[in-house]
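To start, the structure under review is shown below, and the notes come after it.
Residue numbers (our numbering), protein chains in the order written: chain F, 1 to 197; chain Z, 198 to 449.
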């Protein structure tokens, strides 16, 4: 998981990173207190989750978030702020969560466990390096499934097969045939090319 | 109440009709009138009670308005978060921040509890505490310069804070800069000038101009109500100047 934290004050950023590291020790976390660097860091890092202060340096944090989302729509935007009044407006950007300061560990844990665009445990990096050959397709299926927030049983039901079948595909024991691949792409809401590469 | 009067009126009419001795009807009439006056008295008492409740409500409302304007939750939560972070990395700065924050809270709570004006020198102390707190995590350096030719006057508590806040957030912004507070006497008025040399290119979003308006608006109202003062804002490319004029009184 990759997380970007942006707030006016470096100490607030530090504080958030402290808790995020506790909650997700394996995550790549980057923070900034310079609003001008947000877009740059976002492009470099391609984070899955962005924590952003709404009152960013007098600027509109929501507008900044909107621009980020235009670049990568499946980014989870989590707003942090001292005021509740912007809550409704924040939903213009399909925010994943809206946290009102002061923030504590429980709020963060909750927000990370209920991401709008669930983040898979399989990263693109892993797809490139670890999974090779036929098992790549399995890994991709698993990744897309996790990003849809579906369990294997749930996916099996939607496809019209049994859970062990999904399991075999994902572990690379079997490869789905073409009609099944098309069904998978349909159910998981991805292009076929994302599954077969 | 009305029922008893009515009953007694009816009884009086009946007695009259049956031609009872005058002393009886007189007594009844007297009783009727007495009842009527008691009724009026009770109505009056209720009206007074209602108006007292209304006055209390208005007072609470105005206290809440002061509260809403003087307490800045965003600022407070940011400071608390910063202190929390500092306790892990730099306890000395954490202690300094906590001390400043206590002073900040003390002046703000006092300002809510009493609408009295305070000596200008005390207001300057409030301003410096605020600037120190804001500086805790500020990338640039905020320089506060004083040029005080007049000192012994009174001013509504925390009237300068919104102006300084604007100067820091929208004027000198992240680069840091200088804020000059100068006072002088001019034409029977005490003039307070707050200038910042902020040349930050600010995006004048609707929210920014809203906030600038609301914060300063409240100050303007208080100045006018409490000491007949006026406020002017002048923004140029090289900075912003806020001028406050207060008619001189024989205080201080």
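Cβ coordinates follow ideal geometry from the N, Cα and C atoms, glycine included. Owing to the predicted nature of the structure, the values given are computational and were not obtained by experimental measurement.
DSSP, read as helix, strand or coil, puts residue 53 of chain F in strand. In the three-state reduction of the DSSP assignment, residue 321 of chain Z falls in the helix class, which pools H, G and I. The residue among Z:424, Z:391 and Z:294 with its C-alpha nearest the C-alpha of residue 430 of chain Z is Z:391. Excluding residues up to 5 positions away in sequence, 33, 35, 53, 55, 56 and 57 lie with their Cβ nearer than 8 Å to the Cβ of residue 8 of chain F in the same chain.
Taking the Cα of residue 364 of chain Z as reference, the smallest distance to any Cα among Z:318, Z:199, Z:395 and Z:285 is reached at Z:395. Going by DSSP, residue 212 of chain Z is part of no beta strand (DSSP E) but of the alpha helix (DSSP H) stretching over 199–214. Contact holds between the stretch 181–197 of chain F and the stretch 136–143 of chain F, because three or more Cβ pairs, one in each stretch, are under 8 Å apart. With distances taken between CA atoms, residue 421 of chain Z lies nearest to Z:353 out of Z:373, Z:393 and Z:353.
Assignment of residue 95 of chain F by DSSP, reduced to helix, strand and coil, places it in the coil class.
Within the same chain, and ignoring the five residues on either side of residue 156 of chain F in sequence, the residues whose Cβ sits closer than 8 Å to its Cβ are 162, 163, 165 and 166. Under the three-state reduction of DSSP output, residue 24 of chain F falls in the coil class, being neither helix nor strand.
Just so you know, the alpha carbons of residue 45 of chain F and residue 2 of chain F end up roughly 8 Å apart. Residue 101 of chain F: not part of any alpha helix (DSSP H); DSSP gives it neither H nor E.
Residue 6 of chain F counts as buried, since no fewer than 16 other beta carbons sit within 10 angstroms of its beta carbon. Secondary structure at residue 85 of chain F: coil, using DSSP grouped into helix, strand and coil. When rounded, the separation of the alpha-carbon atoms in residue 243 of chain Z and residue 261 of chain Z is 27 Å. Between residue 320 of chain Z and residue 355 of chain Z, the C-beta spacing is below 9 Å. Along the stretch 332–354 of chain Z, going in chain order, the ones with a CB nearer than 9 Å to a CB of chain F are 333, 334, 335 and 336. The continuous beta strand (DSSP E) containing residue 339 of chain Z extends over residues 338–345. Contacts with chain F at 9 Å (Cβ-Cβ) do not include residue 262 of chain Z.
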